[in-house]
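Chemist:
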């Protein structure tokens, strides 16, 4: 290091001093991290919830699906709201024939159908299918996309869903998405992330775009 | 509907009344939504930021990558922190030969290296590569995974990064991930989501698991 670099001061410290302090700090951080990791020994199927008003709930869930597929795991997906996940994800999923099972509830967004009884019947059918997929040994991970929406509209009773998920096979991963996750579901979940919207392009007149929004 | 079903009351309303109210509500919701959608006409490359302490920032970014690939778009990925996105995502990305360009900064997590000068040089090299990828016409979407970490440690000056991203090609989508996104970056972004950790399985001794965490 040249003399001029050595004397470039940040907060009164030389670059060399900054480097040394950084090395010390990172060494401590790594030691602390290693110590914590050593205590983490439990392996279990996780109940994961993505909720909140922001983007990325289902996108991150599909990210998990693709990661699992990349690891040779088998995946099942139940879509409780139709009209999402069209071309994009579908084309990637097609690259894994025999490793993904997809079920879509056939009724479009709730504000498209306006038919409450049909939505309730569809939610019930999708939930029955979800239960069968979670119980069978074939799949390592089951994604229940937008289940929270259906629970929020009381198309399914949260008590029934919680009772079933509490008793799911121990090693099965289940991912639930949708805004307004019920407290009862959060209570029994292992991992809950809330996606919060800080800024949205809609506000400046930008439309939903292929490859980004769908 | 049977008489007993008709008289099952919720909040003093019959099922039929609930259905009618629901249809009316959904019709209004749909009309409002359609009206809003009609005003969204701008198409542009988005600057998307995933930040916050919760899980799902990079997972959702990879979800966007896969969606884009499924739509026939080309994607470039620059990893500013190594040691992530190993087998899982890599195997899925391999299904798209010629459509994904991946660059990894070769130095592992910062708390693994403890070498500040090497990290700074690696960050600079990754940023130079990122700029080239964003400027070339080949890619529709460029993911700068964990760029926020590098900015937070001041390995790159945020002013330089912001100046470049403000002048990026108009139709190019750029996705930036990492906790502690700088205010200057949030300021110029189109879409910002904060992933907030509500619950984490680490807290109950569960270890990172293949197919879920990596």
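Protein chains in written order, with this note's numbering: chain A, 1 to 214; chain B, 215 to 428. Note that CB positions come from ideal geometry on N, CA and C, so glycine has one too.
Is residue 80 of chain A near residue 147 of chain A, with beta carbons less than 8 Å apart?
Modeler: Cβ distance < 8 Å, so residue 80 of chain A and residue 147 of chain A count as in contact.
Chemist: Output needed in chain order: residues of the segment 226-243 of chain B with a Cβ under 7 Å from some Cβ in chain A.
Modeler: Answer in chain order: 232, 233, 236, 237, 240, 241, 243.
Chemist: Scan the segment 105-188 of chain A and note each continuous beta strand (DSSP E) run of 3 residues or more that stays entirely inside, going in chain order.
Modeler: Taking only runs of at least 3 residues, the beta strand (DSSP E) segments lying wholly in the segment 105-188 of chain A are 141-145, 173-177.
Chemist: What residues from chain A crowd round residue 304 of chain B, counting only those whose CB sits closer than 8 Å?
Modeler: Here the neighbours are 70.
Chemist: Tell me where the alpha helix (DSSP H) around residue 240 of chain B begins and ends.
Modeler: Segment 229-253, the alpha helix (DSSP H) holding residue 240 of chain B.
Chemist: Which of the three DSSP states, helix, strand or coil, is assigned to residue 290 of chain B?
Modeler: It is a strand residue.
Chemist: Could you name the residues of chain B that residue 79 of chain A contacts, counting a contact when the two beta carbons are closer than 8 Å?
Modeler: Result: empty, since nearest Cβ-Cβ is about 15 Å, beyond 8 Å.
Chemist: Chain A partners of residue 410 of chain B, CB-CB under 8 Å?
Modeler: Residues of chain A passing the Cβ test: 52, 193, 194, 195, 196.
Chemist: So residue 271 of chain B is in the beta strand (DSSP E); what residue range does that whole segment cover?
Modeler: Where residue 271 of chain B is concerned, there is no enclosing beta strand (DSSP E), although the alpha helix (DSSP H) it sits in stretches over 271-284.
Chemist: Is it true that the segment 186-197 of chain A meets the segment 34-50 of chain A, where meeting means three or more beta-carbon pairs spaced less than 8 Å apart?
Modeler: Segments in contact, yes.
Chemist: How is the beta strand (DSSP E) around residue 194 of chain A delimited, first residue to last?
Modeler: Where residue 194 of chain A is concerned, the enclosing beta strand (DSSP E) stretches over 191-199.
Chemist: With 16 other CB atoms within 10 Å as the buried threshold, where does residue 222 of chain B fall?
Modeler: Confidence at residue 222 of chain B is low in this model, with a pLDDT of 49, below 50, so the placement of that residue should be treated as unreliable; the coordinate-derived value is given next. Result: exposed.
Chemist: Excluding sequence positions up to five away, which residues of its chain have a Cβ less than 6 Å from the Cβ of residue 354 of chain B?
Modeler: Answer for residue 354 of chain B: 287, 288, listed in chain order.
Chemist: With a cut-off of 8 Å on the beta carbons, I'd call residue 177 of chain A and residue 58 of chain A a contact; round off their distance for me.
Modeler: Indeed they touch by this definition, with Cβ atoms about 5 Å apart.
Chemist: Using the C-alpha atoms, what's the distance from residue 382 of chain B back to residue 349 of chain B?
Modeler: Cα-Cα distance, rounded: 7 Å.
Chemist: Using only the alpha-carbon positions, how far apart do residue 337 of chain B and residue 370 of chain B sit?
Modeler: Rounded to whole angstroms, residue 337 of chain B to residue 370 of chain B spans 7 Å at the Cα level.
Chemist: Here's the rule I'm using: 16 or more other beta-carbon atoms within 10 Å means buried, otherwise exposed. How should residue 377 of chain B be labelled?
Modeler: When all chains shown are included, residue 377 of chain B counts as exposed.
Chemist: Could you please give the first and the last residue of the uninterrupted alpha helix (DSSP H) stretch that includes residue 93 of chain A?
Modeler: Counting along the chain, the alpha helix (DSSP H) containing residue 93 of chain A begins and ends at 87-93.
Chemist: Within its chain, find whatever has a CB closer than 6 Å to the CB of residue 424 of chain B; leave out the 5 residues flanking it on each side and keep chain order.
Modeler: No residues qualify anywhere along the chain.
Chemist: Given residue 152 of chain A, which residues of its chain have a CB within under 6 Å of its CB, disregarding the five upstream and five downstream residues?
Modeler: Excluding sequence neighbours, residue 152 of chain A sits near 180.
Chemist: What's the gap between the Cα of residue 279 of chain B and the Cα of residue 137 of chain A?
Modeler: Cα to Cα, residue 279 of chain B sits roughly 30 Å from residue 137 of chain A.
Chemist: Any beta-carbon of chain A closer than 8 Å to the one on residue 256 of chain B?
Modeler: Taking Cβ atoms only, chain A reaches closer than 8 Å to residue 256 of chain B, which makes this a yes.
Chemist: Are any of the Cβ atoms in chain A nearer than 8 Å to that of residue 353 of chain B?
Modeler: So, not an interface residue.
Chemist: Report yes or no: is there a C-beta of chain B within less than 8 Å of the C-beta of residue 199 of chain A?
Modeler: Chain B contact via Cβ: present.
Chemist: Is there a Cβ from chain A that is less than 8 Å from the Cβ of residue 420 of chain B?
Modeler: Output row for residue 420 of chain B: interface = yes.
Chemist: How is residue 295 of chain B classed by DSSP in three states: helix, strand or coil?
Modeler: Looking at residue 295 of chain B - three-state DSSP - the assignment turns out to be coil, as it is neither helix nor strand.
Chemist: Against residue 425 of chain B, what residues of chain A qualify as contacts under a CB-to-CB distance less than 9 Å, listed in chain order?
Modeler: What residue 425 of chain B touches in chain A: 64, 67, 68, 69, 70, 71, 72, 73, 140, 141, 173.
Chemist: Let me see if you follow: with CB-CB separation under 8 Å, is residue 168 of chain A close to chain B or not?
Modeler: Judged by the 8 Å Cβ criterion, residue 168 of chain A is not in contact with chain B.
Chemist: For residue 260 of chain B, name the three-state secondary structure that DSSP assigns.
Modeler: In this structure, residue 260 of chain B counts as coil in the three-state DSSP scheme.
Chemist: Given a cut-off of 8 Å, decide if residue 174 of chain A and residue 165 of chain A are closer than it, judged by their beta-carbon atoms.
Modeler: It is a contact, given that the beta carbons lie within the stated cut-off.
Chemist: Quick one: list the residues of chain B neighbouring residue 136 of chain A, beta-carbon separation under 7 Å, in chain order.
Modeler: None at all; the shortest Cβ gap to chain B is about 18 Å.
Chemist: Under a CB-based cut-off of 8 Å, is residue 190 of chain A close to chain B?
Modeler: Closer than 8 Å: yes.
Chemist: Starting from residue 400 of chain B, find everything on chain A with Cβ-Cβ shorter than 9 Å and list it in chain order.
Modeler: The contacting residues are 198, 199.
Chemist: On the premise that residue 258 of chain B lies in contact with residue 158 of chain A, defined as a C-beta separation below 8 Å, what is that separation, rounded to the nearest angstrom?
Modeler: With 8 Å as the limit, residue 158 of chain A and residue 258 of chain B do not qualify as a contact, their Cβ atoms being about 40 Å apart.
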